[in-house]
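Trainee:
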Amino acid sequence: MNRRNIMLGTAGHVDHGKTALVKILTGCDTDRLPEEKKRGLTIEAGYAPCRMRDERIVGIVDVPGHVAFIRNMVAGAHGIDVVILVVAADDSVMPQTREHLDILTLMGVRRGVIAMTKIDLVDAEMRELAAQDIRRFVQGTFLADAPLCGVSSITGEGYDAFLGELNRVADSCDDRTTTGSFRLWVEKSFPIRGFGTVVSGIPSGGEVRVGDRLHVLPGRQAGRVRNLEVYGEQADLARAGECTAMNLVDVDSDLLHRGKLLSGGGDIPCAAMFEADLTLLPHLPHELKDYAEVHLHMGTAETMAKVAMLEGRPLGPGGRQVVQFRLNEPLPAPAGERFVIRAAMGDWAGGTVTTLGGGRVLGASDQRLKRGREWTIAMLTRRRECLDRPADWTALMLAEAAGAISQAELARRAQLALRQVEPLVSELLRLGVALDVPAPAGGELLVHRDVVASAREAIEQVLEGFYQANPSRVGMEQAELAAQVECPRDVFEFTVERLIAAGTAERQGTVVALVGRGAKLSSEDARLCRQIEETLERAHLEPPLPADLAGQLGLGEAKLLELCRILIDQGRVLRLDAKVIMHAKAVAAAREVVIALFRKAGAFTTVEFRDAIAISRKYAVPLLDYFDTARVTVRNGNRRTPGVLIRDLLKGS
Numbered sequence: 000m001n002r003r004n005i006m007l008g009t010a011g012h013v014d015h016g017k018t019a020l021v022k023i024l025t026g027c028d029t030d031r032l033p034e035e036k037k038r039g040l041t042i043e044a045g046y047a048p049c050r051m052r053d054e055r056i057v058g059i060v061d062v063p064g065h066v067a068f069i070r071n072m073v074a075g076a077h078g079i080d081v082v083i084l085v086v087a088a089d090d091s092v093m094p095q096t097r098e099h100l101d102i103l104t105l106m107g108v109r110r111g112v113i114a115m116t117k118i119d120l121v122d123a124e125m126r127e128l129a130a131q132d133i134r135r136f137v138q139g140t141f142l143a144d145a146p147l148c149g150v151s152s153i154t155g156e157g158y159d160a161f162l163g164e165l166n167r168v169a170d171s172c173d174d175r176t177t178t179g180s181f182r183l184w185v186e187k188s189f190p191i192r193g194f195g196t197v198v199s200g201i202p203s204g205g206e207v208r209v210g211d212r213l214h215v216l217p218g219r220q221a222g223r224v225r226n227l228e229v230y231g232e233q234a235d236l237a238r239a240g241e242c243t244a245m246n247l248v249d250v251d252s253d254l255l256h257r258g259k260l261l262s263g264g265g266d267i268p269c270a271a272m273f274e275a276d277l278t279l280l281p282h283l284p285h286e287l288k289d290y291a292e293v294h295l296h297m298g299t300a301e302t303m304a305k306v307a308m309l310e311g312r313p314l315g316p317g318g319r320q321v322v323q324f325r326l327n328e329p330l331p332a333p334a335g336e337r338f339v340i341r342a343a344m345g346d347w348a349g350g351t352v353t354t355l356g357g358g359r360v361l362g363a364s365d366q367r368l369k370r371g372r373e374w375t376i377a378m379l380t381r382r383r384e385c386l387d388r389p390a391d392w393t394a395l396m397l398a399e400a401a402g403a404i405s406q407a408e409l410a411r412r413a414q415l416a417l418r419q420v421e422p423l424v425s426e427l428l429r430l431g432v433a434l435d436v437p438a439p440a441g442g443e444l445l446v447h448r449d450v451v452a453s454a455r456e457a458i459e460q461v462l463e464g465f466y467q468a469n470p471s472r473v474g475m476e477q478a479e480l481a482a483q484v485e486c487p488r489d490v491f492e493f494t495v496e497r498l499i500a501a502g503t504a505e506r507q508g509t510v511v512a513l514v515g516r517g518a519k520l521s522s523e524d525a526r527l528c529r530q531i532e533e534t535l536e537r538a539h540l541e542p543p544l545p546a547d548l549a550g551q552l553g554l555g556e557a558k559l560l561e562l563c564r565i566l567i568d569q570g571r572v573l574r575l576d577a578k579v580i581m582h583a584k585a586v587a588a589a590r591e592v593v594i595a596l597f598r599k600a601g602a603f604t605t606v607e608f609r610d611a612i613a614i615s616r617k618y619a620v621p622l623l624d625y626f627d628t629a630r631v632t633v634r635n636g637n638r639r640t641p642g643v644l645i646r647d648l649l650k651g652s
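Positions 0 to 652 (numbering that gives the first Met the number 0) are the ones given, in order, by the sequence shown.
#1: Is the number of C-beta pairs between the segment 395-405 and the segment 435-452 that are closer than 8 Å three or more?
#2: Quick one: what's got a C-beta closer than 7 Å to Thr140's C-beta in the same chain, skipping five residues either side?
#3: Taking a contact to mean a Cβ-Cβ separation below 8 Å, would you say Leu540 touches Ala585 in this structure?
#4: By Cβ distance, which residues of its chain are closer than 6 Å to Val121, with the 5 residues on each side in sequence left out?
#5: Determine, using beta carbons only, whether Leu596 comes closer than 8 Å to chain B.
#6: At 3 residues or longer, and completely inside the segment 126-203: list those beta strand (DSSP E) runs for me, N to C.
#7: Just tell me which of Ile567, Met297, His12 and Leu498 has its CA closest to the CA of Pro94.
#8: So which of Ile458, Asp547, Arg175 and Arg412 has the shortest CA-CA distance to Leu664?
#9: Considering Cα atoms alone, identify which of Arg383, Thr380, Thr178 and Thr354 is closest to His282.
#10: Are the beta-carbon atoms belonging to Cys172 and Val229 less than 8 Å from one another?
#11: Please classify Val322 as buried or exposed, where buried requires at least 16 neighbouring CB atoms within 10 angstroms.
#12: Among residues of its own chain, excluding the 5 on either side of Ala19, which ones have a beta-carbon nearer than 7 Å to its beta-carbon?
#13: From what residue to what residue does the alpha helix (DSSP H) around His99 run?
#14: Going by other Cβ atoms of all chains shown within 10 Å of its Cβ, with 16 needed for buried, is Thr154 buried or exposed?
#15: Helix, strand or coil for Ala577 per DSSP?
#16: Please work out which residues of its chain come closer than 8 Å, Cβ to Cβ, to Val484, disregarding the five sequence neighbours upstream and downstream, and give them in chain order.
#17: Have a look at Met475 and Asp489 and give me their C-alpha separation to the nearest angstrom.
#18: From what residue to what residue does the beta strand (DSSP E) around Gly58 run?
#19: Distance, Cα to Cα, Ala611 vs Pro621?
#20: Between the C-alpha atoms of Arg616 and Arg537, what's the straight-line distance to the nearest angstrom?
#21: Taking the beta carbon of Thr96 as the centre, do at least 16 other beta carbons fall within 10 Å, making it buried, or is it exposed?
#22: Whole beta strand (DSSP E) runs in the segment 287-324 with 3 or more residues, listed along the chain?
#23: Can you tell me which residues form a DSSP beta bridge with Glu274?
#24: Within 10 Å of its beta-carbon, does Asn4 have 16 or more other beta-carbons around it, so buried, or fewer, so exposed?
#25: Measuring straight from C-alpha to C-alpha, what distance separates Asp568 and His582?
#26: Check whether the Cβ atoms of Thr302 and Glu328 sit closer than 8 Å, and answer yes or no.
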């Protein structure tokens, strides 16, 4: 079968001839239910294959027109790419004509043909009047310039011209994209003993093959696709926009019903709250109040929900606002998914259920968002602007991560297939929007440049404040600096390295300093620092205690420690514990003894280290504790084994 993955669909008032027109187009009667035969009207959406003039097959969905079955119309309309708006010449525009067109507009349909049916029942003058009435009705809508064709399903008059226009409009419609994750809202579901469960619907994204596993949402079920049918014929592959039926095994048929979402990945959130871009229809009689209760329709699912106006004001007719829906029951909430809201209130339309508006999902939540928060509104507005631009959407999800994440995690956050994200990431890296961050366990993570820019600004601000409070200090211990900068550790370390590479900062031992800042010493303090360093260098592995050293130099202990802090910042001396300050050269010599012991035996005790270095326990223990902290050694009971900093060095020996 030569197929196009787009879906045609009818719309219009009850008894205006939608099903009869579909029957001529397809040769199929889409009214299959006994109740539909008995009452002579469509209750549920019906699907059939339609052969176009180029012999390719497209799907067509015939939606119900009666006001009592609008909920089924909404469910069927979510998959339509090209609409056939059916208006009877003897009846003209009626209430469900208007509501159907409203719903199609809200669902994002942008192409269509107008079929003025039952022209065999009126004369030429009435045809012209009806056509004028229809043209006035569609003015200002996506059908304003759509072809309008008179047709009779009884005599066949006008059918060839109508079919020609339908083919032309369908040819102008791009096929549905299949690069994302597979998604199908279940229209129908029933079990077959010994075979599993059969479900049908129109996939809204991606593709599925026999043997694939699909997640059932909401819930934690996953089933395997045993068989596939597309337009009633056996197939190995079904794509977005094609009428699809599948036999699923390994699922509980009682939990798989209309309104469930089948997903090819586990990246779609199910939530009792989600944020959305909501637009009200312009011809409503009055505004929608904050926290109003509405019927929410998304895909084939529906539930009651309350609308929290995040901008803190009611929404008037034709208005647009970012909102949070709080649902009576959790629903899958794919980003970008379209929805419709309807109301059942006496003051809307004589007590009937009325379509109010609709929009698109911006994200799911696990907490109630407060109204009037500028940051929240700005974030959701940015999401709204990026929904139809995959690269910008992916970049935004990376920025919102506020840290370094893997490509797989980025794909999950963006709700895109990994194969779809990979080329987008390559482009973001080329543009410098995304940056590669070395992962602790190897490989690369991704971070948005704005996240790094924020971390850089925070690091520089903390260091500037530190210098104002400590003008004689070279810089801050990196651990102390990290504790005062609010960002993930990997982003902090990556940003520090970039500052050093750019010549803005430098590292002196474990101290991070801004180039050209700090350590403004008087000539006397500079002389004392040199004297302290020389004394500690001569003492080598057995330095005097701070109190003793202060006495030797004729200083108070507080002044000595202040000057030692400067030398520590510069990496010239190291403080092993509260009582031992040792020259960096002596510590380096002790490190070589540690490496020699590891090469000899693979591990050693404190006593073995003390004897090998020939110093007292008073100095041996602080040295080993320092090496543990510096990840040169790892303490396991009474023994030390190699730490991560020297394991590679030892492997090469």
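Backbone N, C-alpha and C define an ideal beta-carbon position, used for all residues, glycine too. The structure presented is a predicted model; accordingly, all values stated were derived computationally and were not measured.
Mentor: Here's the rundown:
#1: yes
#2: Leu100 and Thr104
#3: Taking a C-beta distance under 8 Å as the contact criterion, Leu540 and Ala585 qualify as a contact pair.
#4: Ala88 and Asp89
#5: No chain B is part of this structure, which consists of one protein chain only.
#6: 147-149, 182-184, 187-191 and 195-200
#7: His12
#8: Residue 664 cannot be examined here, being either before or after the span of the chain that is shown, 0 to 652.
#9: Thr354
#10: Not closer than 8 Å, so no.
#11: buried
#12: In its chain, beyond the 5 residues on either side, Ser152 have a beta carbon closer than 7 Å to the beta carbon of Ala19.
#13: His99 -> alpha helix (DSSP H) spans Pro94 to Leu105.
#14: exposed
#15: coil
#16: Ala454, Ala457, Ile458, Val461 and Phe491
#17: 18 Å
#18: Ile56 to Asp61
#19: 16 Å
#20: 20 Å
#21: buried
#22: 291-297 and 300-308
#23: Paired residue(s): Gln323 and Gly362.
#24: buried
#25: Spanning the two alpha carbons is a distance of roughly 13 Å.
#26: yes
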